[in-house]
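Protein chains: 2
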Amino acid sequence: MQTATLAHVARLAAVSENTVSRVIRNKGPIAEETRRRVLAAIEQLGYLPNRAAGALASSSSLIIGVLLPSLSNIVFPEVLRGIHAGLADTLYQPMIGVTDYDLDQEQRLLASLLAWQPAAIITTGFEHTQASRRMLANARVRVAELMDIDARPIDVAVGLSHRSAGVATARHLVSRGYRRIGYVGHDWTADRRAALRYEGLCQGLQEAGLSLVAEQRFDGPSSTLAGRDTLARLVEGDASVDAVAFSNDDMAVGGFMHCLAAGIAVPGRLALFGFNGLEIGQVLPKPLATIRSNRFLIGRVAVEKLLESGERSAEPQVIDTGFEIVAGATA
Amino acid sequence: MQTATLAHVARLAAVSENTVSRVIRNKGPIAEETRRRVLAAIEQLGYLPNRAAGALASSSSLIIGVLLPSLSNIVFPEVLRGIHAGLADTLYQPMIGVTDYDLDQEQRLLASLLAWQPAAIITTGFEHTQASRRMLANARVRVAELMDIDARPIDVAVGLSHRSAGVATARHLVSRGYRRIGYVGHDWTADRRAALRYEGLCQGLQEAGLSLVAEQRFDGPSSTLAGRDTLARLVEGDASVDAVAFSNDDMAVGGFMHCLAAGIAVPGRLALFGFNGLEIGQVLPKPLATIRSNRFLIGRVAVEKLLESGERSAEPQVIDTGFEIVAGATA
DNA sequence: CTGTTAGCGCATTCAC
DNA sequence: GTGAATGCGCTAACAG
């Protein structure tokens, strides 16, 4: 079976190809009677538009290029869910690439995404190679940079201030009476946002006349396992810490597991504080004190913003999706 | 800046477009000197092939359509990671759709993926609408059906036997001395694989002259929260159960949390058994007894198999990626 | 409101 | 080894 084309539909409906095209794209005025005939023909033939042809002719496609740093961290699949939710009921399709937090990899993937003439590119963070920036500037696509809003975006940024989240963490712990605060983190040479939260944390403590009394960093990506082992190292080194801020919830949940196994009372002996507000933290015997970061919302809002208009606005836009303290019971 | 096309490259290299096209696709014989000149021109112009044009001309694209039932369940992002790993170092790009376990939604997404003339379609399970099957039959694409191997695939199936995994669970629990075995599950009207594991579990118990002494099913998708609450309901109803098989690790981890909070000794008073082998289960104070399902491998192997050849083989192929019992310490 | 005319950028025949 | 011609299926002008 030969797949139907515009020409077949046009012949069957006894109109020109152009008219069929107009009906499909809802563009230009069409007589109700004509539209009916065309739709009937489309239905009868099971016609599916060839997107490649459409993209070539219009030099723009219904593809949204999505660049994610990782799929291992549950945070990004959640952003992707939001993107999907925003794309539902549209004809756009996401084409995704995973950069492994590598800017050169991002650049390569960006090039191959742009080869499809996507309508928009969604990526994360503000760090890109010069070549990537140049490509994005030359291509006439909308660009969203997700997660972070602590810098000037290319087009639109959607996310939260990680620095502020760090400050909020410090203030919360201080207000709860903790004074000997430690930090357990992962390797954030590639994770600028974790670094920003750390900076905010230090700044917030400083405002209260305090500073970190201990810190321990795992040399690798964040995980529950890393959190467990790294907290163990921290308390081994300095038993006087009364609260620990973790680089994120995965690490904090791991820390909680260490406390369970080692018989450390939480929060009596040691308070724990995470970041992200993942489900797993809220199912612990004591719900994790953390900050909710609205990942799903970030993805959805980004898509909505991008589809609002085909053109960039004169000034870059910043959309703050905010965050909330989740008090929990571990701090 | 106008983006460069084949024609520009051809002019600069003083050859025909055709020759440039051959160099790019490594097809047909090319004089070394010519190739050099062409590559230099490509480099100089920063030429990027327009994939839409290529797809239109060759009526086949470098797109791999991926249909996933969900992104909320960490299992599927892991499959997607495997797919990405298999696609790395190729020019193929994944275009993804999320079906929410809805076959009609799968059909709609399939139609819009096929509109891009993808080289292959990757989907999950063996249940598809008649229309979906017809589209897949008519389109000349490779098709992989992932996760499950308990039925005859359209083209290739990659996964494990969930029925066997259920049987293995039963045998393991029985061999460990448990006799009063219960089941805690989620709503699997849409999750055929969980149902298959359940069937296998019952079958395995029957082989040992046993049957489930209690079961409780959460009316919704699986989650740690659901697992916690549903186990609570189960033990409330029948306190004599000595082991519980969960529909998956998420549910089991939730169950573990309930035991922690309710002071139920694991496995002394109650043994717990999951499915998937997620990291979170292995970080519990007692590592979860479970079955590892090799999600990453499933994705990667599927891609490798699909790219092996552009044509379906005469007979459908089944690739068993297997599973292993993770003994853990909760059973 | 509808039809006509031209490409979009590339791959695929064939020649030579 | 290389080039010339043709068309993939559609959209974008412009007429009328």
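Sequences listed follow chains C and E, in order. For the first sequence, UniProt numbering assigns the number 1 to the initial residue and increments by one for each residue that follows. For the second sequence, UniProt numbering assigns the number 1 to the initial residue and increments by one for each residue that follows. The beta carbon of each residue, even a glycine, is placed where N, CA and C say it ideally should be. If you're wondering where the values come from, they're calculated on a predicted model, not measured in any experiment.
Helix, strand or coil for residue i? Go by DSSP, reduced to three states.
| i | result |
| --- | --- |
| N18/E | helix |
| L109/E | helix |
| Q117/E | coil |
| N276/E | strand |
| G159/E | strand |
| A331/C | coil |
| T224/C | helix |
| E311/C | coil |
| Y198/C | helix |
| residue 341/E | Missing from the structure shown is residue 341/E; chain E here goes from 1 to 331 and no further. |
| I298/C | helix |
| L62/C | coil |
| F246/E | strand |
| T230/C | helix |
| residue 332/E | With chain E represented from 1 up to 331, any question about residue 332/E goes unanswered, as that position is not in the structure. |
| residue 372/E | Outside the modelled stretch of chain E, which goes from 1 to 331, sits residue 372/E, for which no answer is possible. |
| P94/C | strand |
| A165/C | helix |
| D150/E | coil |
| residue 365/E | Summary: the structure shown does not reach residue 365/E, with chain E confined to residues 1 through 331, and so no result is reported for it. |
| D320/E | strand |
Exposed or buried, what is residue i when buried is set at 16 or more other beta-carbons lying within 10 Å of its beta-carbon?
| i | result |
| --- | --- |
| P29/E | exposed |
| N138/C | exposed |
| T189/E | exposed |
| T90/C | exposed |
| A7/C | exposed |
| E106/C | buried |
| R36/E | exposed |
| N294/E | buried |
| K305/E | buried |
| N26/C | exposed |
| D191/E | buried |
Assuming residue i contacts residue j under a Cβ cut-off of 8 Å, what Cβ separation, rounded to an integer in Å, is found between them?
| i | j | result |
| --- | --- | --- |
| V283/E | M257/C | 5 Å |
| P77/C | T99/C | About 15 Å; that fails the 8 Å criterion. |
| R300/E | G82/E | 4 Å |
| A331/E | L173/E | 6 Å |
| D104/E | T129/E | 7 Å |
| K286/E | A232/E | Not really, about 19 Å apart at Cβ, beyond 8 Å. |
| P118/E | P316/E | Actually they are not in contact, since the Cβ atoms of P118/E and P316/E sit about 20 Å apart, beyond 8 Å. |
| A157/E | V318/E | 5 Å |
| L272/E | F246/E | 7 Å |
| V184/C | L260/C | At roughly 16 Å, the Cβ-Cβ gap does not stay under 8 Å, so V184/C and L260/C are not in contact. |
Quick check: the Cα distance between residue i and residue j, rounded to an integer number of angstroms?
| i | j | result |
| --- | --- | --- |
| N50/C | N248/C | 44 Å |
| E324/C | G255/C | 22 Å |
| D238/C | A214/C | 7 Å |
| R140/E | G310/E | 9 Å |
| L270/C | V244/C | 7 Å |
| T3/E | R11/E | 15 Å |
| I63/C | V303/C | 12 Å |
| E127/E | A115/E | 22 Å |
| E207/E | R163/E | 14 Å |
| Y92/C | V167/E | 43 Å |
| A262/E | A289/E | 20 Å |
| P221/E | A85/C | 18 Å |
| S16/C | L39/C | 14 Å |
| G268/E | L278/E | 23 Å |
| L210/C | A170/C | 10 Å |
Taking Cβ positions, are residue i and residue j nearer each other than 8 Å?
| i | j | result |
| --- | --- | --- |
| L80/C | L71/E | yes |
| V66/E | P94/E | yes |
| D242/C | R176/C | no |
| F275/E | A165/E | yes |
| R217/C | H186/C | yes |
| A13/E | A31/E | no |
| D150/E | R142/E | no |
| M135/C | R193/C | no |
| I181/C | L196/C | no |
| G125/C | L113/C | no |
| residue 341/E | L45/E | There is no way to answer for residue 341/E, as the model of chain E reaches only from 1 to 331. |
| T19/C | T5/C | no |
| G159/E | I298/E | yes |
| V253/C | T224/C | yes |
| I280/C | I280/E | yes |
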